[in-house]
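Okay, structure first, notes after.
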Amino acid sequence: MVPRIKLGLKLRVFLSVALFYLAALGTLTYLTIRSQRNLLLEQMGDRARVGINLMELSVTAHLYRMDIFQLGTLAREAKALPDVDYAYIYDDKGRIVGDYHEDKQMFLATFPDKLSQRIIKSDEILVDVDHKKGILDVSKPVVLGHQKLGGIRLGFNLNPMFDEMKQVTVKALLIAAGIFLLGLLVIFVIASRMTSPIEQLTVAAKHIEAGDLQYRVGLKRSDELGSL
């Protein structure tokens, strides 16, 4: 039979409050980091929407005339923007007609993956985040009148943002750890002050039990412990 470990009152009060404090501080830190991450992703998504809307103004006429040279130039100019990982312009069948590669290696190619198929069929802006690759993919159909000419697809590199978030996370955890250690000190002081009168009464009870009825407790309190 495993012997039970007896914990003193002070230690039990300290551990109980410390665990609650750790859970509360940990939850608050996690929610803060998650909220910051979601805010940055939302801002990046808004930036991507603005960029692709501006690009549509330049693409529509060239896509209508199927000006391959100008479409390729627009794709390369978009790719040259900060944090843009790829830029494609595709026709109504999903074939790439504006390739950012100088050698046009993706010209008239199609992407067979599910996301690409969903993009081709969509009639609205789609934003997708690939956390593994660190890419924010934004696409928008190009429509002239009631005719869907094709669309634009941009990929934004999120790795710089993720690296920044890692640094912010480390700093937040270090700050949280410092606050936690300081809180443990405060909790220990509070637990000591809470249990000290009880410890004094325990000592007095042992003296009385041993027959020392002259023993006195120097406890000046106006609460229940003082009355006891």
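If you're matching positions, the sequence shown starts at 126 in this note's numbering and goes up one per residue.
Note that the Cβ used here is the ideal one computed from N, Cα and C, for glycine as well.
In the structure shown, Leu-269 adopts extended strand secondary structure according to DSSP, grouped into three states. Leu-156 sits in a helix when the DSSP states are folded into three classes.
Note on the region 225 to 252: whole alpha helix (DSSP H) runs with a minimum of 4 residues are 239 to 246, in chain order. Where Asp-337 is concerned, there is no enclosing beta strand (DSSP E), because DSSP gives it neither an H nor an E.
Under DSSP, Val-254 shares a beta bridge with Leu-261.
Assignment of Gly-275 by DSSP, reduced to helix, strand and coil, places it in the strand class. DSSP places Gly-219 in the coil class of the three-state scheme, outside both helix and strand. Under the DSSP assignment, Gly-197 falls in the alpha helix (DSSP H) whose first and last residues are 193 to 204. The three-state secondary structure of Val-342, taken from DSSP, is coil. Around Ile-260, the same chain offers Asp-210, Val-254, Gly-280, Phe-281, Asn-282, Leu-283 as residues with beta carbons nearer than 8 Å, after the five sequence neighbours per side are excluded. Assignment of Gly-308 by DSSP, reduced to helix, strand and coil, places it in the helix class.
Closest by C-alpha distance to Ile-214, out of Asp-208, Leu-182, Pro-207, Lys-239, is Leu-182. Under the DSSP definition of a beta bridge, Ile-214 partners with Gly-223, Ile-277. Put simply, the backbone Cα of Met-180 is about 24 Å away from that of Asp-238. The beta carbon of Asp-262 sits closer than 6 Å to the beta carbons of Asp-253, Gly-280 from its chain, once the five residues preceding and following it are set aside; these are given in chain order. By the Cβ test, the region 292 to 305 is not in contact with the region 188 to 198, since fewer than three Cβ pairs between them sit closer than 8 Å. Your pair Ala-234 and Ile-221 checks out as a contact, with CB atoms roughly 5 Å apart and the cut at 8 Å. Three or more Cβ pairs drawn from the region 146 to 154 and the region 299 to 313 lie within less than 8 Å of each other, which places the two stretches in contact. By a beta-carbon distance limit of 8 Å, Lys-345 contacts Gly-351. Their separation comes to about 7 Å. Within its own chain, the residues whose Cβ lies closer than 6 Å to the Cβ of Met-231, once the five positions on either side in sequence are excluded, are Ile-221, Asp-224, listed in chain order.
With contacts defined as CB atoms closer than 8 Å, Pro-285 and Asp-208 qualify as a contacting pair.
Short of 7 Å from the beta carbon of Phe-139, and not among the five residues preceding or following it, lie these beta carbons of its own chain, in chain order: Ile-312, Phe-313, Ala-316.
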